[in-house]
Amino acid sequence: MAQNQKVAMVTGGNRGCGLAFVRRLCQLPFPGTVYLTSRDEARGREAVEQLKGEGLNPSYQQLDLGDSASIRRFVDFIKRTHGGIDVVIANGAMPFPKQMTVAEIEATLRVNNKGNAELCCALMPLLRPQARMLIVSSGFGQVVHLGPELRKRFLATDTMTVAELNGLLDEYMAAVKDGSFKEKGWPDWCNKMSKIGLVALARILAREASSDRSRPGILVNAVCPGTGL
Numbered sequence: 010m011a012q013n014q015k016v017a018m019v020t021g022g023n024r025g026c027g028l029a030f031v032r033r034l035c036q037l038p039f040p041g042t043v044y045l046t047s048r049d050e051a052r053g054r055e056a057v058e059q060l061k062g063e064g065l066n067p068s069y070q071q072l073d074l075g076d077s078a079s080i081r082r083f084v085d086f087i088k089r090t091h092g093g094i095d096v097v098i099a100n101g102a103m104p105f106p107k108q109m110t111v112a113e114i115e116a117t118l119r120v121n122n123k124g125n126a127e128l129c130c131a132l133m134p135l136l137r138p139q140a141r142m143l144i145v146s147s148g149f150g151q152v153v154h155l156g157p158e159l160r161k162r163f164l165a166t167d168t169m170t171v172a173e174l175n176g177l178l179d180e181y182m183a184a185v186k187d188g189s190f191k192e193k194g195w196p197d198w199c200n201k202m203s204k205i206g207l208v209a210l211a212r213i214l215a216r217e218a219s220s221d222r223s224r225p226g227i228l229v230n231a232v233c234p235g236t237g238l
């Protein structure tokens, strides 16, 4: 496959907003390969066949954000097959019921935040000039849901590293486990914490991309697509 061909990928592409992102990229049409990725291979391939039935032509790769080995395999595949990537849409996420156990919250943040961070950081060196990385968040990603001191810390993304952001998420989990999260200023719902973390991740990666003069024009944004796709 040509190394100079444009490449796009969408995580969680088998349903909902992820499927809509893949569909729209294929409809443009995108001048290259569009990868629909999903944790569940059977469902992902079913979604690809659905889109092919609409006259579109996405490709498929399995990708589990909760599995570091799966992330490495996908990134290695992109590097080996294409040499780089032009569009990354980080949409994959576990759902957020209102009532969650501590174990469920921890597993959800592992996928939705740390998994997305691991994937995006691994793909950053492969972004080509003028590439776009979109990290899907929501209206819950506002720091107004944090106490004043935590708000300051999450807004300090001009110097924060991804490792430090993950450390803040670990602090949140520790507070959830000992029951002190409310008094310490953490949100009352894991979904809010996750989305705040994703916005912070986008800000950190955007800062890093803007400082790379060898690859001009790379943009990293957090997006709130809503429910209308």
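Okay, so the sequence shown: first residue is 10 according to this note's numbering, each after it adds one.
Here a beta-carbon is modelled for each residue, glycine too, at the ideal position from N, C-alpha and C.
When the options are compared against residue i, the one with the closest alpha-carbon
{"i": "THR42", "options": "ARG160, GLN70, ILE114", "result": "GLN70"}
{"i": "GLY93", "options": "GLY176, MET103, ASP76, VAL16", "result": "VAL16"}
{"i": "PHE86", "options": "THR46, MET142, PRO40, SER219", "result": "THR46"}
Beta-carbon proximity list for residue i, same chain, < 7 Å, skipping 5 on both sides
{"i": "PRO134", "result": "none"}
{"i": "ARG52", "result": "ASN23"}
{"i": "CYS233", "result": "SER146, SER147, GLY148"}
{"i": "ASN200", "result": "PHE105, PHE149"}
{"i": "LEU60", "result": "VAL31, ARG32, CYS35, PRO67"}
{"i": "ASP197", "result": "LYS191"}
Backbone CA spacing between residue i and residue j [nearest angstrom]
{"i": "ARG81", "j": "GLY124", "result": "11 Å"}
{"i": "ALA56", "j": "LEU28", "result": "8 Å"}
{"i": "GLY206", "j": "SER68", "result": "30 Å"}
{"i": "ALA209", "j": "THR166", "result": "7 Å"}
{"i": "THR168", "j": "GLU217", "result": "10 Å"}
{"i": "SER77", "j": "ILE98", "result": "18 Å"}
{"i": "ARG54", "j": "ALA102", "result": "18 Å"}
{"i": "ARG222", "j": "LEU136", "result": "13 Å"}
Proximity below 9 Å, CB of residue i to CB of residue j
{"i": "ILE213", "j": "VAL152", "result": "no"}
{"i": "ARG89", "j": "ALA140", "result": "no"}
{"i": "LEU178", "j": "ASN122", "result": "yes"}
Cβ neighbours of residue i in the same chain (closer than 6 Å, five flanking residues each side left out)
{"i": "ALA184", "result": "PHE190, LYS193, TRP195"}
{"i": "TYR44", "result": "MET18, SER68, GLN70"}
Which residues DSSP lists as bridging residue i, in chain order
{"i": "THR46", "result": "GLN70"}
{"i": "ILE98", "result": "VAL19, LEU143"}
Check: residue i C-beta below 8 Å from any heavy atom of the ligand ATP
{"i": "PHE163", "result": "Questions concerning the ligand ATP fall outside what the structure shown contains, since it holds no ligand whatsoever."}
8 Å CB neighbourhood of residue i in its chain, flanking five on each side removed
{"i": "CYS239", "result": "Since the displayed the chain opens at 10 and closes at 238, residue 239 lies outside it and no answer follows."}
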